[in-house]
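Residue numbers (our numbering): 753 to 882.
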């Protein structure tokens with residue numbers, strides 16, 4: 753089978769799986785697995801799954817994101833973010849568009865304190881909603 757025909761078959765099978773309401777991640781995995789197996793065979797595919805499953809969870813690069821979100825949650829529950837936003841609203845509230853400027857100032861201040869844009873977004877969003 754040509755590579756163009758194989759690509760069309762794999763893409764069509766992915767769309768068919770999505771049409772019968774299989775989750776997108778499972779549909780994409782099945783389509784990718786079919787393509788990988790047809791190009792390399794079963795033993796390399798099994799070896800690839802074995803090594804990649806360990807490699808993805810062995811690294812600590814992405815493990816800090818939930819911890820930053822947890823820190824933002826603690827800041828919200830502790831009242832730090834509300835106090836910071838009230839201060840920013842007091843400074844910027846009298847200007848036109850004061851809510852957006854207060855949100856921006858509170859985000860800048862909290863981002864400078866925490867060093868995390870993820871924690872800042874999680875924290876100030878809950879406080880700045882009118």
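A virtual CB, placed ideally from N, CA and C, is assigned to each residue, including glycine.
Residue of the options minimising C-alpha distance to residue i
i, options, result
"residue 851", "832, 829, 881", "881"
"residue 895", "757, 855, 818", "Outside the displayed range of the chain (753 to 882) lies residue 895, so it cannot be described from this structure."
"residue 861", "754, 838, 803", "838"
"residue 833", "859, 801, 777", "859"
"residue 938", "795, 835, 809, 773", "The structure shown does not extend to residue 938, since the chain is modelled only from 753 to 882, so the question has no answer here."
"residue 784", "760, 772, 816, 810", "760"
Residue i and residue j closer than 8 Å at C-beta
i, j, result
"residue 871", "residue 830", "no"
"residue 758", "residue 787", "yes"
"residue 789", "residue 797", "yes"
"residue 779", "residue 769", "yes"
"residue 840", "residue 857", "yes"
Extent of the continuous alpha helix (DSSP H) to which residue i belongs
i, result
"residue 853", "850-866"
"residue 795", "794-810"
"residue 823", "816-830"
"residue 879", "869-880"
"residue 755", "755-771"
(message) If contact is defined by three or more beta carbon pairs under 8 Å, each pair taking one atom from either stretch, is the region 857-872 in contact with the region 806-825?
(response) yes
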